[in-house]
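Take 0 as the starting number for the sequence shown in numbering that gives the first Met the number 0 and just add one per residue.
A short write-up of the structure that comes next.
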Amino acid sequence: MKSKFGDAEQILSRSISGFHQYILSGSPRLIYASDNLCQMMGFSGKELLSRTSDRYLAMVHPGDRDMYSAFLYEMGKKEQTLSVEYRLIKKDGSVLYVKDTMTSAAGPDGVMAGYSGDECSVDNGAPGEGR
Numbered sequence: 000m001k002s003k004f005g006d007a008e009q010i011l012s013r014s015i016s017g018f019h020q021y022i023l024s025g026s027p028r029l030i031y032a033s034d035n036l037c038q039m040m041g042f043s044g045k046e047l048l049s050r051t052s053d054r055y056l057a058m059v060h061p062g063d064r065d066m067y068s069a070f071l072y073e074m075g076k077k078e079q080t081l082s083v084e085y086r087l088i089k090k091d092g093s094v095l096y097v098k099d100t101m102t103s104a105a106g107p108d109g110v111m112a113g114y115s116g117d118e119c120s121v122d123n124g125a126p127g128e129g130r
C-alpha cells in the first residue's frame with residue numbers, strides 16, 4: 000500500500016505486527032493498512048480500506064466492537080496515546096488477540112488521525128499471556 004509517509008511506513012511495517020492509520024474525525028475509518036497487517040489478517044488492502052465505512056471494525060470480534068468503537072471515539076477527542084486489547088477475526092475465521100497502541104494527532108486541516116500499531120499474541124492466547 001502506498002502512503003504519504005514513504006520510508007517511515009516501510010520501517011514501521013517491518014517492526015510492528017500490523018500498522019494502520021485511521022481518520023478519527025466524523026465517521027472513523029481505516030485509510031492505510033500495512034502489508035504486515037494485510038498478511039496477518041489474510042485480507043488485501045483493497046478489502047480493508049473504504050472511503051465510507053470502517054471495514055477494520057467489521058473484523059473486530061463482535062464481543063469487542065463496542066469497546067473498540069469507544070476507544071476510537073476517545074482517541075478522536077484530543078491528541079493522545081492510548082492502548083486497548085481486543086480480538087480480531089482473520090479471513091480464515093481464526094481469532095487473533097492484539098494489543099493496539101494508537102497515537103492521535105490533528106492535521107493542519109483539523110482532521111484527527113490515529114496512527115496505530117498492533118502487537119499480536121504469539122500463541123493466540125489473550126493479550127499479555129504467553130509473552
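Using N, Cα and C, we set each Cβ at its ideal position, and we do this for glycine too.
Just so we're clear, the structure is a prediction, and the values are computed from it rather than from any experiment.
So is residue i buried or exposed if we call it buried at 16+ other beta carbons inside 10 Å?
| i | result |
| --- | --- |
| A112 | buried |
| M101 | buried |
| M58 | buried |
| V94 | exposed |
| S103 | buried |
| K1 | Any reading at K1 needs caution, since the residue's pLDDT is 47, under 50, leaving its predicted position unreliable; the model's value is listed next. K1 comes out exposed. |
| G116 | buried |
Tell me the DSSP secondary structure of residue i in three-state form.
| i | result |
| --- | --- |
| G44 | helix |
| Q79 | coil |
| L29 | strand |
| L23 | coil |
| D53 | coil |
| G113 | strand |
| G17 | strand |
With C-beta atoms as the reference, is residue i less than 8 Å away from residue j?
| i | j | result |
| --- | --- | --- |
| L71 | P107 | no |
| L29 | Y55 | yes |
| S49 | V110 | no |
| A32 | G44 | yes |
| K98 | E118 | yes |
| L36 | F18 | yes |
| K60 | L81 | Position check: residue 60 holds His in this sequence, whereas Lys was assumed. Their beta carbons are not under 8 Å apart, which means H60 does not touch L81 by this criterion. |
Under the assumption that residue i contacts residue j (Cβ atoms under 8 Å), give the Cβ distance between them as a whole number of angstroms.
| i | j | result |
| --- | --- | --- |
| Y114 | Q20 | 6 Å |
Distance cutoff 8 Å, beta carbons only. Does residue i sit that close to anything in chain C?
| i | result |
| --- | --- |
| S68 | Judged by its chain identifiers, the structure shown contains no chain C, having just a single protein chain. |
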